[in-house]
Amino acid sequence: MLIKSPKSWELPERLVTSESVYMNRCHFLKKLGFAGAGAWGLLSGCNRMKAGSQDAPKTVRDTIPAPTGIYPASRNTRYTVDRDITAEEIAASYNNFYEFTTSKENVWKLAYQLKTEPWKIEVVGEVNRPQTFDVDDLIGKMPMEERIYRFRCVEAWAMTVPWTGFPVKALIDLVQPTSKAKYMRMLTFLDEKQAPGQKQQPWYPWPYYEGLNMAEATNELAMFVTGIYGHALPKQHGAPIRLITPWKYGYKSIKSIVKIEFVEKQPKTFWNDLAASEYDFNANVDPDVPHPRWSQATERLIPTGERVPTKKYNGYKEFVAHLYA
Ligand code: MTE
Numbered sequence: 001m002l003i004k005s006p007k008s009w010e011l012p013e014r015l016v017t018s019e020s021v022y023m024n025r026c027h028f029l030k031k032l033g034f035a036g037a038g039a040w041g042l043l044s045g046c047n048r049m050k051a052g053s054q055d056a057p058k059t060v061r062d063t064i065p066a067p068t069g070i071y072p073a074s075r076n077t078r079y080t081v082d083r084d085i086t087a088e089e090i091a092a093s094y095n096n097f098y099e100f101t102t103s104k105e106n107v108w109k110l111a112y113q114l115k116t117e118p119w120k121i122e123v124v125g126e127v128n129r130p131q132t133f134d135v136d137d138l139i140g141k142m143p144m145e146e147r148i149y150r151f152r153c154v155e156a157w158a159m160t161v162p163w164t165g166f167p168v169k170a171l172i173d174l175v176q177p178t179s180k181a182k183y184m185r186m187l188t189f190l191d192e193k194q195a196p197g198q199k200q201q202p203w204y205p206w207p208y209y210e211g212l213n214m215a216e217a218t219n220e221l222a223m224f225v226t227g228i229y230g231h232a233l234p235k236q237h238g239a240p241i242r243l244i245t246p247w248k249y250g251y252k253s254i255k256s257i258v259k260i261e262f263v264e265k266q267p268k269t270f271w272n273d274l275a276a277s278e279y280d281f282n283a284n285v286d287p288d289v290p291h292p293r294w295s296q297a298t299e300r301l302i303p304t305g306e307r308v309p310t311k312k313y314n315g316y317k318e319f320v321a322h323l324y325a
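Position 239 of the sequence shown, counted from 1, bears residue number 239 in this note's numbering, the numbering being contiguous throughout.
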């Protein structure tokens, strides 16, 4: 049976399904043996997650670390943005971190369960100096600085955030990839006890994994980030260390990294394995490439909801256009 439905980018955004709802429906539909799009309406309530617990922080403020140690790091003014920085409590209470929940407003209430000290990152694969770093030692070795970047999710929402971290290239220089290294693959932690979303959503291929090619990884914009708003990362933002690539959609910016592997072949990625046509390995922020479920022509600023035109490469053309020429 062929059902004619409007293209998703023709729909108003409130009618377009979010990633999480979409994936959960897919799971249940598969279980029930449904294939037709008409069955979706029946299953719209299945995505509700339990939020919070007795030990949960009471307010989002409770999740925000004090500025100690290297924070605040000095700001590198080479990276400026022509719009206001998003208020910290807004950024800290609207997150995608499916390991905890798919409900953006509730991630901060659950992510406190993640134990981030001590935290090791293993760097392996095609490198001359494979090693395991304690994240605090790594911070001590790296050129830490603050940069204000635009942040753009593929769901079309956008923020402006001051991150603290170091260029990915600084780590690459330390481990010295061999000539066979063509890609950098990254992996998030796997622990169902700490991350209820990993247990409650077994249809996702945990742990979260992402990748960059070496030209992207060594681009000056690519950062490993350990802080935000002048202090260490709160857990909902991917403590203690995550990736930021501001010219790409947010799904690339993998959180709470435990392993980095240099490889010869293009690695698989979490979202691409789930929906290859929607999450291309090479995708960049681009108003002219509509996502099947979210028009990318404009973006929605958080928290005002104001819609502004999307910039190609999220406004970072001068830094990255040559990578895709
Ligand atoms: N990393 C992990 N491990 N798990 C996730 O669910 N979500 C991604 C990315 N990194 C995600 C992740 C997506 S879709 C986005 S938009 C950003 O994290 C959101 O980052 P923020 O919550 O700090 O704004």
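All C-beta atoms, glycine included, are put in the ideal place defined by N, C-alpha and C.
No experiment lies behind these values; they were computed from the predicted model shown.
- Where residue 108 is concerned, there is no enclosing beta strand (DSSP E), although the alpha helix (DSSP H) around it starts and stops at 107-110.
- In summary, residue 276 is exposed, with fewer than 16 beta-carbon neighbours lying within 10 Å of its beta-carbon over all protein chains present.
- Every beta strand (DSSP E) of 3 residues or more that sits fully in the stretch 137-218 is shown, in chain order, as 145-152, 157-167, 183-188 and 209-213.
- Remark: the C-beta of residue 255 is in contact range of the ligand MTE, defined as less than 7 Å to any heavy atom.
- In terms of Cβ geometry, residue 292 and residue 278 form a close pair [threshold 8 Å].
- A distance below 8 Å separates the beta carbons of residue 166 and residue 223.
- A direct Cα-Cα distance of roughly 12 Å separates residue 181 from residue 218.
- Shortest gap from the CB of residue 291 to any heavy atom of the ligand MTE: 7 Å or more.
- Between the ligand MTE and residue 97, a heavy atom-to-CB distance of less than 7 Å is present.
- Proximity of the beta carbon of residue 250 to the ligand MTE is indicated: a heavy atom of the ligand is located closer than 7 Å.
- According to the DSSP assignment, residue 89 belongs to no beta strand (DSSP E) but to the alpha helix (DSSP H) extending over 88-91.
- Annotation: residue 83 to residue 128 spans about 42 Å, alpha carbon to alpha carbon.
- The C-beta separation of residue 147 from residue 76 comes to about 5 Å, placing the pair in contact by the 8 Å criterion.
- Non-local C-beta neighbours of residue 273 in its own chain, meaning closer than 7 Å and more than five positions away in sequence, comprise 205, ordered along the chain.
- Counting the other CB atoms within 10 Å of its CB gives residue 308 a total below 16, which places it among the exposed residues.
- Here residue 237 is not near residue 96, since their CB atoms are 8 Å or more apart.
- Put simply, the stretch 106-126 touches the stretch 171-178. At least three CB pairs are less than 8 Å apart.
- Contact check for residue 116 against residue 239 passes: the beta carbons are separated by less than 8 Å.
- The C-beta distance from residue 183 to residue 211 rounds to 5 Å, short enough to meet the 8 Å contact threshold.
- Residue 319 and residue 254 have their C-alpha atoms some 21 Å from each other.
- Judged by DSSP in its simplified three-state form, residue 285 adopts coil rather than helix or strand.
- In this chain, the beta strand (DSSP E) harbouring residue 134 covers 131-134.
- Residue 322 carries a helical assignment under DSSP once its states are collapsed to helix, strand and coil.
- According to the DSSP secondary-structure assignment, residue 232 is paired through a beta bridge with 227.
- Secondary structure at residue 310: coil, using DSSP grouped into helix, strand and coil.
- Between residue 160 and residue 86, the gap from beta carbon to beta carbon is short of 8 Å.
- Rounded to whole angstroms, the separation of the alpha carbons of residue 258 and residue 294 is 31 Å.
- Linking residue 151 to residue 179 through their CA atoms gives a straight-line distance of about 32 Å.
- The continuous beta strand (DSSP E) containing residue 262 extends over residues 257-263.
- With a beta-carbon spacing of about 7 Å, residue 99 and residue 208 fall inside the 8 Å limit used to define contacts.
- Remark: the C-beta of residue 208 is in contact range of the ligand MTE, defined as less than 7 Å to any heavy atom.
- At least one heavy atom of the ligand MTE falls within 7 Å of the beta-carbon of residue 151.
- Here the C-alpha atom of residue 268 lies approximately 17 Å from the C-alpha atom of residue 284.
- Rounded to the nearest whole angstrom, the CA to CA distance from residue 221 to residue 58 is 35 Å.
- The ligand MTE never approaches residue 165 closely enough for any of its heavy atoms to be under 7 Å from the residue's Cβ.
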